[in-house]
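**Student:** Chains as they are written, first to last, in the working numbering: chain A, 1 to 147; chain B, 148 to 226. Next up is a structure, given as structure tokens.
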Amino acid sequence: MRLFSALILSLIIFPAFATDVRDISEFNLKQYQGKVVYLDFWASWCKPCQKSFPWMNQLQDKYPNDKFSVVTINLDTKTGDMNEFLEHIPANFAVYHDPKGSFAEKFKLPGMPTSYLIDTNGTAVKRHVGFSKSKAPKIELEIEALL
Amino acid sequence: MKTRPLLGHFYRGLALLAVISSLGCSSMGVQPWERDILANPEMEMTADALDLAFDEHIYFSKEASSGGQGFAGGGCGCN
Numbered sequence: 001m002r003l004f005s006a007l008i009l010s011l012i013i014f015p016a017f018a019t020d021v022r023d024i025s026e027f028n029l030k031q032y033q034g035k036v037v038y039l040d041f042w043a044s045w046c047k048p049c050q051k052s053f054p055w056m057n058q059l060q061d062k063y064p065n066d067k068f069s070v071v072t073i074n075l076d077t078k079t080g081d082m083n084e085f086l087e088h089i090p091a092n093f094a095v096y097h098d099p100k101g102s103f104a105e106k107f108k109l110p111g112m113p114t115s116y117l118i119d120t121n122g123t124a125v126k127r128h129v130g131f132s133k134s135k136a137p138k139i140e141l142e143i144e145a146l147l
Numbered sequence: 148m149k150t151r152p153l154l155g156h157f158y159r160g161l162a163l164l165a166v167i168s169s170l171g172c173s174s175m176g177v178q179p180w181e182r183d184i185l186a187n188p189e190m191e192m193t194a195d196a197l198d199l200a201f202d203e204h205i206y207f208s209k210e211a212s213s214g215g216q217g218f219a220g221g222g223c224g225c226n
């Protein structure tokens, strides 16, 4: 009986914490048109990325979902590394997995992490390389200016 | 007399081969998103933190400059 209830409980809880991970081939910026998008490139081995995750979760909760989305692209070559990271720090935003780095090549990322602030027309208006907590308020002001 | 033009062709061919083979090196270097293996603790230059502190101090004393050590110092744009 205990085992049964534990099983039911885990089935209920687990989906709530599972992150929405998709393949990069499914990524299309047009589906976010009309919204302000915070596009972030990250990887599990990048320390500042680990620090930016709780903040990005807060961002997604802070602004209305119909006007703002956090969209991230993961560049881990091993899926296991990405999944392990997401088990420790789940995300409430979409993660697109790009193990071959094809998307990163297109953007010619200068460093990790790199994030782009994209306005409602799909134009990238700001780029931030690296992350630190002191930068967060400035980025939030930039998002609010676009909303 | 006939060997001279042949030698000229040979050296020209050799020079061309040297140039072409060096073009293969034009994409050297690691992109920022490819540094996953370099980020492993096993890939750090020094094993001991105290050794690293001594080395950095000696370097600073001699060079009157510091930094550039470690993964993040090497420049992953992680600041």
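Beta carbons: idealized from backbone N, C-alpha and C, even for Gly.
1) Just the chain A side, please: which residues come within less than 7 Å of residue 189(B) by C-beta, in chain order?
2) Tell me whether residue 65(A) sits in a helix, a strand or coil according to DSSP, three-state version.
3) So residue 227(B) contacts chain A; which residues on that side make the cut at Cβ distance below 8 Å?
4) Is residue 213(B) helix, strand or coil by DSSP?
5) If you draw a straight line from the alpha carbon of residue 84(A) to that of residue 134(A), how long is it in whole angstroms?
6) Using the three-state DSSP reduction, which class does residue 139(A) fall into: helix, strand or coil?
7) Determine the extent of the alpha helix (DSSP H) in which residue 81(A) is found, giving its start and end residues.
8) Can you tell which of 93(A), 3(A), 48(A) has the C-alpha that lies nearest to the C-alpha of residue 22(A)?
9) Can you give me the C-alpha to C-alpha distance between residue 129(A) and residue 112(A), rounded to a whole angstrom?
10) Which term fits residue 101(A), buried or exposed, when burial requires 16 or more other beta carbons within 10 angstroms of its beta carbon?
11) Determine which residues of the stretch 69-82 of chain A have a Cβ less than 7 Å from any Cβ of chain B, and write them out in chain order.
12) I need the boundaries of the beta strand (DSSP E) containing residue 41(A), first residue and last residue.
13) Smallest Cα separation from residue 54(A): which of 88(A), 81(A), 29(A), 76(A)?
14) Please determine, among 106(A), 29(A), 97(A), the residue with the shortest C-alpha to C-alpha distance to residue 76(A).
15) Ends of the beta strand (DSSP E) at residue 126(A)?
16) Against residue 41(A), what residues of chain B qualify as contacts under a CB-to-CB distance less than 8 Å, listed in chain order?
17) With 16 other CB atoms within 10 Å as the buried threshold, where does residue 52(A) fall?
**Tutor:** Let me lay it out:
1) Ordered by position in chain A, no residue passes the 7 Å Cβ test against residue 189(B), which lies about 12 Å from the chain.
2) coil
3) Because chain B is modelled from 148 through 226, residue 227(B) falls outside the range shown and cannot be assessed.
4) coil
5) 27 Å
6) helix
7) 79-88
8) 93(A)
9) 7 Å
10) buried
11) 75, 76, 77
12) 36-42
13) 88(A)
14) 97(A)
15) 124-129
16) 180
17) buried
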